[in-house]
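Report on the following structure.
See below:
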């Protein structure tokens, strides 16, 4: 892995960005690495929670400027016919947000821990996660307008689901920093910590707590919450009824009650690997 250190602690997978000297900027290999890691953990039921953290002063500086010298943002293809060239460019740009969609599609919760700058495309990574925690010095920045680009890897779409509309527009139009305290006030960040060490310790504890719950209703809760973003309450109620009638089984509930009575930690079966 070029961009990540990976370790497993119990039922928690820790993915840590590991290029602090480059402010963990997103080089071309990042996109496939994160997508592959998340899909492998999810599909093979290797963990019940995924934690994404970082190293150095900044969480992530966004797209590495070197990508503009690669084919990722060029209208490639043979010949001079502009339609086919632009169609290929469209496919290339369209593929990038698939990495962050993998976080949303994963059956397990994804937690992101952010210190320092979370800039550009990294905002999509944070916004596509289920829970976000930050240090007091953290900030979020849609830098694209400052370099004459429309944000194109899902930042505006995910932010519009988890942040007030006016604030999303202000971030997009002004290209100004959103401080961690303000992000917490509007509900984008779950909690702010004084420093990186304290945050990682707290996030690890939260992840372990979540991982100790039954993974099947955890998956169901994530699925229903994601569905609610795009559907009416009535549609959501119907989805929950379908989920419960198909996926609910009393064994986990019985184990929860027995464990509580016996003063022990409940033991649940992991999810099956996905086909």
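Numbering (full-length UniProt numbering), first residue to last: 1 to 275.
Cβ atoms here follow ideal geometry from the backbone N, Cα and C, with glycine treated the same way.
Just so you know, these numbers come straight off a predicted model, no measurement behind them.
Contact between the segment 162-182 and the segment 134-151 is present, with at least three C-beta pairs closer than 8 Å. Relative to the Cα of residue 214, the nearest Cα in the group 82, 64 and 249 belongs to 249. The shortest CA-to-CA distance from residue 110 to any of 128, 96 and 116 is the one to 128. Residue 192 is positioned such that its CB atom lies closer than 9 Å to that of residue 136. Between residue 118 and residue 96, the gap from beta carbon to beta carbon reaches 9 Å or more. Annotation: residue 117 is outside any alpha helix (DSSP H); the continuous beta strand (DSSP E) that includes it extends over 117-119.
Exposed is the label assigned to residue 5, since fewer than 16 other Cβ atoms lie within 10 Å of its Cβ. Sequence-distant partners of residue 35 (beyond 5 residues in either direction) whose C-beta falls short of 6 Å from its own C-beta, in its chain, are 99 and 102. The DSSP assignment places no complete run of the beta strand (DSSP E) inside the segment 216-263 (cut-off: 3 residues). Secondary structure remark: continuous beta strand (DSSP E) runs of at least 3 residues inside the segment 165-219, in chain order: 191-193.
For residue 9, the uninterrupted beta strand (DSSP E) segment begins and ends at 4-9. Within the same chain, 168 come within 8 Å of residue 160 by CB-CB distance, once the 5 residues on both sides are set aside.
Only residues of its own chain outside the window of five on either side were considered, and among them 58 and 61 have a CB closer than 6 Å to the CB of residue 23, listed in chain order. By the Cβ rule, the segment 8-16 counts as touching the segment 46-56, because three or more pairs are nearer than 8 Å. As a beta-bridge residue in DSSP terms, residue 14 pairs with 7 and 51. The secondary-structure analysis by DSSP pairs residue 110 across a beta bridge with 50. A residue is called buried once 16 or more other Cβ atoms fall within 10 Å of its Cβ, and residue 126 is buried on that count.
Of the candidates 182, 1, 180 and 219, 1 places its Cα closest to the Cα of residue 31.
Here residue 185 is not near residue 220, since their CB atoms are 9 Å or more apart. Look at residue 136 here: in three-state DSSP terms it is coil, with no helix or strand label. Residue 112 sits buried, since 16 or more C-beta atoms from the chains shown fall within 10 Å of its C-beta.
As the crow flies, the alpha-carbon of residue 187 is around 41 Å from that of residue 85. Less than 9 Å divides the Cβ of residue 189 from the Cβ of residue 114. Assignment of residue 63 by DSSP, reduced to helix, strand and coil, places it in the strand class.
Of 107, 254 and 255, the smallest CA-CA separation from residue 41 is found for 107.
Going by beta carbons, residue 258 and residue 266 fall inside the 9 Å limit.
The Cβ atoms of residue 124 and residue 158 sit closer than 9 Å to each other. Non-local beta-carbon contacts of residue 165 in its own chain, meaning distances under 8 Å to residues more than five positions away in sequence, are absent.
DSSP, read as helix, strand or coil, puts residue 88 in helix.
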